[in-house]
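These protein sequences, in sequence, are chains A and B. When we follow the working numbering, the leftmost residue of the first sequence carries the number 2, and every step to the right adds one. When we follow the working numbering, the leftmost residue of the second sequence carries the number 29, and every step to the right adds one. Cβ coordinates follow ideal geometry from the N, Cα and C atoms, glycine included. First up is the structure itself, then whatever we jot down about it.
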Amino acid sequence: MLLALFFSLSSAQAVEPDEMLTDPALEARARAVTRELRCVVCQNQSVDDSDAPLARDIRILVRERIEHGDSDAAARAFVVARYGNYVLLRPPLEGDTLVLWFGPALFLAGGLALAWFYIARLNRSGAAPAALSAAEENAVRRRLDEDTGTR
Amino acid sequence: MTSRWLSTVPLFLLLALAIYFAFGLAQDPRTIHSVLIDKPLPAFDLPVAGAAGARVTNEDLKGRVSLLNVFASWCVSCRAEHPTLLKLTGEKRVAIYGLAWKDKPEDLKAWLEELGDPYTRIADDAAGRTAIDLGVTGAPETFVVDKRGRIRFKQVGVIDEVVWAETIAPLVAKLEAEK
């Protein structure tokens with residue numbers, strides 16, 4: 002019952018009625034764009050989620066751009082031109098973010114490769130030792146008996 | 029013997045990563061670096077706070093090195109910075125333009141009367157649009173603008189004696205020597 006309640010909660014939003022555009026299609030686009038922009042004040046929230054006054058300003062700005070005829074990409078670019086790529090919640094795929102995107106996968110692959118070679122090396126050098134001769138076997142048994150103090 | 033050498037490779041990799049991360053962790057992730065460095069001051073045309081009819085534009089910040097200080101009467105840290113700004117103006121070190129960010133005229137007037145007015149002129153950005161054009165994320169923030177009206181540095185946070193002496197004063201001197 003509690004679980005059902007938990008999953009039925011919709012995601013937070015900070016958009017107020019006086020910000021919303023009258024055209025529902027444009028409003029939906031504006032929401033989508035602001036959900037991808039980082040609030041520069043509360044930096045782990047999107048502009049759509051954040052209650053910060055600056056987030057509200059940026060929400061209104063994005064709506065203005067979209068009403069102006071800007072595409073989603075152009076509206077995003079408008080904000081990025083002022084605040085930089087950090088304001089995009091999904092970092093773009095550019096020269097300096099390639100490490101960010103592919104680094105973890107590369108490290109994992111590299112680590113697995115290293116592990117593979119290491120284990121392969123272990124298996125190769127771990128050849129079974131030659132069997133003991135009868136004299137050596139008796140010596141071992143005598144030594145073992147001494148240690149355990151039995152027999 | 030090569031296997032012994034090879035077994036130290038992960039250690040060196042870890043060390044290299046550790047150094048790389050140490051640099052990263054030493055940065056303050058909340059500080060967003062300005063993307064406007066070396067670019068011209070964004071165009072603005074705003075009313076002068078407290079002077080009916082007068083306007084101030086980005087063109088006014090050309091011709092000499094100046095500071096554009098984003099502040100507001102609701103900003104608590106701005107109070108801490110104010111004595112330093114008054115001192116700079118009093119000693120005629122550099123021209124300081126103010127950008128009143130989302131402030132009300134009566135609050136602004138009261139605040140300046142209480143604390144003093146170090147500004148050459150104050151642009152009234154009541155709507156906050158110019159602040160967004162400047163990439164402002166909070167107050168106080170100060171832009172160092174050169175003679176050609178380009179932003180050369182952005183100070184995020186309070187300008188105190190140390191920040192002035194170590195960071196901004198040398199830059200201002202350098203920019204004043206430029207054409």
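Whole-Å CB distance - residue i paired with residue j, under 8 Å assumed
i, j, result
"residue 90 of chain A", "residue 38 of chain A", "7 Å"
"residue 76 of chain B", "residue 151 of chain B", "7 Å"
"residue 20 of chain A", "residue 61 of chain A", "6 Å"
"residue 69 of chain B", "residue 190 of chain B", "Not a contact, Cβ separation roughly 26 Å."
"residue 148 of chain B", "residue 123 of chain B", "5 Å"
"residue 207 of chain B", "residue 92 of chain B", "Rounded, the Cβ-Cβ distance is 12 Å, inconsistent with contact."
"residue 67 of chain B", "residue 179 of chain B", "6 Å"
"residue 15 of chain A", "residue 51 of chain A", "6 Å"
"residue 116 of chain B", "residue 144 of chain B", "Actually they are not in contact, since the Cβ atoms of residue 116 of chain B and residue 144 of chain B sit about 12 Å apart, beyond 8 Å."
"residue 38 of chain B", "residue 115 of chain A", "7 Å"
Assigned exposure category for residue i - 16 Cβ within 10 Å defines buried
i, result
"residue 24 of chain A", "exposed"
"residue 49 of chain B", "exposed"
"residue 168 of chain B", "buried"
"residue 142 of chain A", "exposed"
"residue 136 of chain B", "buried"
"residue 72 of chain A", "exposed"
"residue 97 of chain B", "buried"
"residue 128 of chain B", "buried"
"residue 102 of chain A", "exposed"
"residue 41 of chain A", "buried"
"residue 83 of chain A", "buried"
"residue 65 of chain B", "exposed"
"residue 146 of chain A", "exposed"
"residue 69 of chain A", "exposed"
"residue 54 of chain B", "exposed"
"residue 64 of chain A", "buried"
"residue 108 of chain A", "exposed"
"residue 61 of chain B", "exposed"
"residue 111 of chain A", "exposed"
"residue 56 of chain B", "exposed"
"residue 120 of chain A", "exposed"
"residue 139 of chain B", "buried"
Residue i, DSSP secondary structure in three states
i, result
"residue 111 of chain B", "helix"
"residue 139 of chain A", "helix"
"residue 149 of chain A", "helix"
"residue 56 of chain B", "coil"
"residue 70 of chain B", "coil"
"residue 32 of chain B", "helix"
"residue 25 of chain A", "helix"
"residue 101 of chain A", "helix"
"residue 133 of chain A", "coil"
"residue 93 of chain B", "coil"
"residue 45 of chain B", "helix"
"residue 64 of chain B", "coil"
"residue 37 of chain B", "helix"
"residue 16 of chain A", "coil"
"residue 42 of chain A", "coil"
"residue 191 of chain B", "helix"
"residue 48 of chain A", "coil"
Handout entry: Residues of the stretch 160-172 of chain B whose Cβ lies closer than 7 Å to any Cβ of chain D, in chain order
Key = Of the protein chains in the structure, A and B, none is chain D.
Handout entry: Those runs of the alpha helix (DSSP H) which lie wholly inside the stretch 53-94 of chain A and span at least 4 residues
Key = 54-68 and 73-84
Exercise for the section: Entirely within the stretch 101-189 of chain B and at least 3 residues each: give me those beta strand (DSSP E) ranges in chain order. Expected result: 123-129, 149-153, 169-173 and 179-184
Exercise for the section: Residues of the stretch 49-72 of chain B with a CB closer than 9 Å to any CB of chain A: list them in chain order, please. Expected result: 57, 58, 60, 61, 62, 63, 64 and 70
Handout entry: Contacting positions in the stretch 33-49 of chain A - beta carbon closer than 7 Å to chain B
Key = 41, 42 and 44
Handout entry: Members of the stretch 64-95 of chain A that neighbour chain B once the beta carbon cut-off is set at 7 Å
Key = 83, 84, 85 and 87
Handout entry: Interfacial residues, the stretch 138-158 of chain B to chain A, with Cβ spacing under 9 Å
Key = 155, 156 and 157
Handout entry: Contacting positions in the stretch 107-128 of chain A - beta carbon closer than 9 Å to chain B
Key = 108, 111, 112, 115, 118, 119, 122 and 126
Practice task
Name, going along the chain, the residues of the stretch 11-28 of chain A whose beta-carbon falls closer than 9 Å to a beta-carbon of chain B.
Solution key: none
Exercise for the section: Could you list the residues in the stretch 100-132 of chain B with a C-beta less than 9 Å from some C-beta on chain A, going in chain order? Expected result: 130
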